[in-house]
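Contents: one structure, followed by commentary.
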Amino acid sequence: MVSTAGLLAESAESLDEQPARASRATPATTMLLMLASLGLRAVPSPVGTPGQTGRVDTVECLVVGGGVVGLAIARRLALTGREVMLVEATDQIGSGISSRNSEVIHAGIYYPPGSLKARLCVAGKHALYDYCRDNSVPHRRCGKLIVATDDQEASQLSAIRRTASDNGVDVTWLSATDVQELEPDVRATAGLLSDTTGIIDSHALMRSLQRDAERAGAGIVVAQPARGGRVTDEGLVVRVDEADVLCHRVVNAAGLGAVAFAEGLQGLDAAYVPRMFLAKGNYFTMTGNPGFSHLVYPVPQQAGLGVHLTLDLQGAVRFGPDVEWVEDQNYTVDPARGGAFYAAIRRYWPGLPDGALRPDYAGIRPKLQALGEPARDFMIENVRTHGVPGLINLFGIESPGLTACLAIADHVMGLLDG
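Mapping of the sequence shown onto this note's numbering: residues 9 to 426, in sequence order.
This is the structure we're talking about:
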């Protein structure tokens, strides 16, 4: 993935974008056009202040957020025959968390056994490999090394191996010699090999999920922000751009905007809306590949997995992400952060040449814990938690959200039907 603004725009243009183009051309009428295309209609406003027309549009299922998780959920719902509309606030599908990450298919090694992250990552990994194979989504099961550079880190590897085993993930213990045989340039005292870790073209995955959803009858529109709404006896009335939409089911998969959407939903107890913290992850890249064939990770650090070496499907090398706690969404990579990258990378690759790194791109991860606090699990909540029928909130969907997207969609379906 070349994560530049140009590529993001190019990727969006390659999606099936007729509804998206309509939304940009005529924002005031897009919702009515989309509802009409789904065979739906406007009904009298059931309660509260209606839109300008005095009527409220209706849809069975509304998915808020057009990232990989939202698209997977819209696809899953549409494949069951439900009427589905997905709305994305920005003018491109998947331009946020989903396209600003390492594009890694994670094995499910690190997450606490029994957690949503562990269960959905492991199930999602298997589902994703099958989906990629069946739908010709570019990917490669290249494997990953987790390496220790001293005895203390080697003891951490032992704990990681136990956690992986508890999650049903097989990893192989590597001696220093084993590591050298697999990656001659890597210096390590010990390591773990995860052979079910891989890489994926996240843009191609999102295009495929969008096609599936639309072919199953879902409507997908961009540049249509969902601005909160209200809980009524008839359902949830969501304000989408300039229209009110009465929804029987609402799935809040808005990523970085999930908390704000939930805060704007009148009738949802604020006690069930967590505080969100922004962790910026910066990436650096280099020209060429000196011969790496596996992903190379250090032992994990607080709030992240450490500055790791990843590959894209063309074999290019990039490094990251680091963890930079921020207050606002800013995707500029400060070249001055390169010094810390050199130091981190040279712990396991001492041969990294001076001047090899250059700033690449950044992503923002929605954390549910502040600096210094223990990592928290995904929050995926339905009526049994917050008391609002038909509402599913997804909070803190960071890594391994890409890997888990299909399993998350299955989980959401179960919560809606349960």
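Glycine included, each C-beta is placed from N, C-alpha and C at the ideal position.
Within the same chain, Gly151 come within 7 Å of Asp203 by CB-CB distance, once the 5 residues on both sides are set aside. Three or more Cβ pairs drawn from the segment 71-86 and the segment 218-227 lie within less than 8 Å of each other, which places the two stretches in contact.
Straight across, the Cα-Cα distance linking Cys129 with Ala115 is about 7 Å. Take the alpha-carbon of Pro343 and the one of Val67: they are about 47 Å apart. When only Cα atoms are considered, Val95 and Gly78 end up about 9 Å apart. Taking a C-beta distance under 8 Å as the contact criterion, Phe327 and Ile353 qualify as a contact pair. Bridge partners of Trp181 according to DSSP: Leu200. Between the C-alpha atoms of Thr393 and Leu70 there is a straight-line separation of about 20 Å.
Boundaries for Leu365: no alpha helix (DSSP H) harbours it, and the DSSP string shows neither H nor E there. The three-state reading of DSSP puts Arg108 in coil, since its state is none of H, G, I, E or B. DSSP places Thr293 within a strand segment (E or B) once states are collapsed to three. The criterion of a C-beta distance shorter than 8 Å is satisfied by Ile117 and Thr171.
Closest in alpha carbon position to Gly289, among Tyr369, Glu250, Thr295, Leu317, is Tyr369.
With the rule of 3 Cβ pairs closer than 8 Å, the segment 248-256 does not count as touching the segment 277-297. If only uninterrupted alpha helix (DSSP H) runs of at least 4 residues are considered, those enclosed by the segment 216-298 are 266-271.
In this model, Trp357 and Leu182 are separated by some 17 Å (Cα to Cα). With distances taken between CA atoms, Gly74 lies nearest to Met93 out of Met93, Gly422, Leu124.
If you look at Tyr356, you'll find it isn't in any beta strand (DSSP E); DSSP assigns it neither H nor E. Cβ neighbours of Leu217 within its own chain (closer than 6 Å, five residues either side excluded): Leu79, Ala80, Arg83. The residue among Ala135, Pro382, Gly102 with its C-alpha nearest the C-alpha of Val229 is Gly102. When Cβ pairs closer than 8 Å are counted between the two stretches, the segment 134-146 is seen not to touch the segment 178-192, the count staying below three.
In terms of Cβ geometry, Leu376 and Pro298 do not form a close pair [threshold 8 Å]. DSSP, read as helix, strand or coil, puts Gln309 in strand.
About 6 Å separates the beta carbons of Ile400 and Leu423, which is inside the 8 Å limit, making them a contact pair. Closest by C-alpha distance to Ala364, out of Ser301, Val325, Pro233, is Val325. Taking 8 Å as the cut-off, the beta carbon of Gly265 is found no closer than this to the beta carbon of Arg235. Across the set His211, Thr180, Lys133, Asp65, the C-alpha of His211 shows the shortest separation from the C-alpha of Asp320.
Here DSSP, grouped into helix, strand and coil, assigns His316 to strand.
Note on geometry: alpha-carbon atoms of Ala261 and Phe403 lie some 8 Å from one another. For Val177, the closest alpha carbon among the candidates Asp220, Asp159, Lys133 is that of Lys133. If the five residues before and after Gly314 are omitted, its C-beta is found closer than 8 Å to the C-beta atoms of Tyr305, Pro306, Val307, Pro308, Ala352, all from its own chain and listed in chain order.
Here Pro382 has no same chain residue with a Cβ atom under 8 Å from its own Cβ, once five neighbours each way along the sequence are excluded. It is roughly 14 Å from the alpha-carbon of Gly89 to the alpha-carbon of Arg257. For Arg326, the enclosing beta strand (DSSP E) begins and ends at 325-328.
A direct Cα-to-Cα measurement between Val179 and Arg366 gives close to 33 Å.
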